[in-house]
Ligand code: LIP
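In the numbering used here, the protein residues as written are 5 to 277.
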């Protein structure tokens, strides 16, 4: 019910500011860095600590809820995306930024019920920007409503796109090719190094579109809702409906813009989450 969602929303907003303090503690000091799937897929003790704090607190408050967390998944817990209320958590989206002291890092938390995201919260504690949305109620930045740009013309657009963390030559070639095709047609390409933050950039109108292949459900579940609640359009980059397990997204200020970008992209295949 709406009242229940309201309780969950308030709980997660409280918790995210606590977690933000831990991220900020670690931001400007030297961290122990380890790698996961490859030499450019990084994790720090802070990613793990923040995820533990978030899951422990939410579990205490809502014992029947399920969890999908980036670091729990990396540690071998199977991501189970079912109909039960499920919190989808990226403790630090933009870990490479976090390691290098580049201030686009975010805690990303979504709550899905019956596989539909109803709450999205993305908090960048370094820049103190809190983006949030509840399904059907609009999107907010630090409590103020935000709107996407409404841009319909690709030629006038600023587009966000990432290289990602895979260093597999074929994947790098395909990603560079996509950016190569897009750059000829737009004002600019930007990459802030975090899927969650890129989606917030579209939500608040700083970018007109964002696409990426190879990301995970925890990178885009919250940002997808925030962007849509800000008036943006999200889909699979191939043009079909967005699938949160399909590891890719195209998010645009308008549906027209998606229609101009989608045919330009070559699909880069990753196994589903
Ligand atoms: C990151 C994504 C980003 C992508 C990076 C990485 P992480 O997530 O948000 O868009 O380009 O390769 O996957 O690992 O920092 O949570």
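Where is the CB? At the ideal position from N, CA and C, for every residue including glycine.
None of the values given here were measured: they were computed from a predicted structure.
Exposed unless 16 or more other CB atoms sit within 10 angstroms - verdict on residue i
i           : result
residue 184 : exposed
residue 216 : buried
residue 33  : exposed
residue 180 : exposed
residue 275 : exposed
residue 62  : buried
residue 73  : buried
residue 337 : This structure does not reach residue 337, given that the chain is present from 5 up to 277, and the question cannot be answered.
residue 272 : buried
residue 18  : exposed
residue 129 : buried
residue 118 : exposed
residue 23  : buried
residue 228 : buried
residue 41  : exposed
residue 162 : buried
Paired residues, beta bridge with residue i - DSSP
i           : result
residue 133 : 128
residue 98  : The partner list for residue 98 (beta bridge, DSSP) is empty, contrary to what the question assumes.
residue 252 : 217
residue 245 : DSSP lists no partner for residue 245.
residue 149 : 144
residue 238 : 255
residue 138 : 123
residue 272 : Partner(s): none; residue 272 has no beta bridge.
residue 162 : 192
Distance between beta carbons of residue j and residue i, contact taken as under 8 Å
i           : j           : result
residue 252 : residue 203 : At roughly 13 Å, the Cβ-Cβ gap does not stay under 8 Å, so residue 252 and residue 203 are not in contact.
residue 265 : residue 158 : 7 Å
residue 114 : residue 96  : The Cβ separation is near 15 Å, so there is no contact.
residue 112 : residue 200 : 4 Å
Proximity below 7 Å, CB of residue i to CB of residue j
i           : j           : result
residue 54  : residue 125 : no
residue 212 : residue 249 : no
residue 138 : residue 123 : yes
residue 242 : residue 110 : no
residue 99  : residue 132 : no
residue 88  : residue 222 : no
residue 150 : residue 208 : yes
residue 170 : residue 257 : no
residue 49  : residue 36  : yes
residue 75  : residue 156 : no
residue 237 : residue 262 : yes
residue 127 : residue 164 : no
Q | Whole beta strand (DSSP E) elements within the segment 169-233, 3-residue minimum | A | With a minimum length of 3 residues, the continuous beta strand (DSSP E) runs that stay inside the segment 169-233 are 192-194, 213-217.
**Q.** Any alpha helix (DSSP H) of 4 or more consecutive residues that is wholly inside the segment 68-95
**A.** You should have 74-78.
**Q.** beta strand (DSSP E) runs wholly inside the segment 10-80, at least 3 long, in chain order
**A.** The segment 10-80 contains these whole beta strand (DSSP E) runs: 37-39, 46-48, 70-73.
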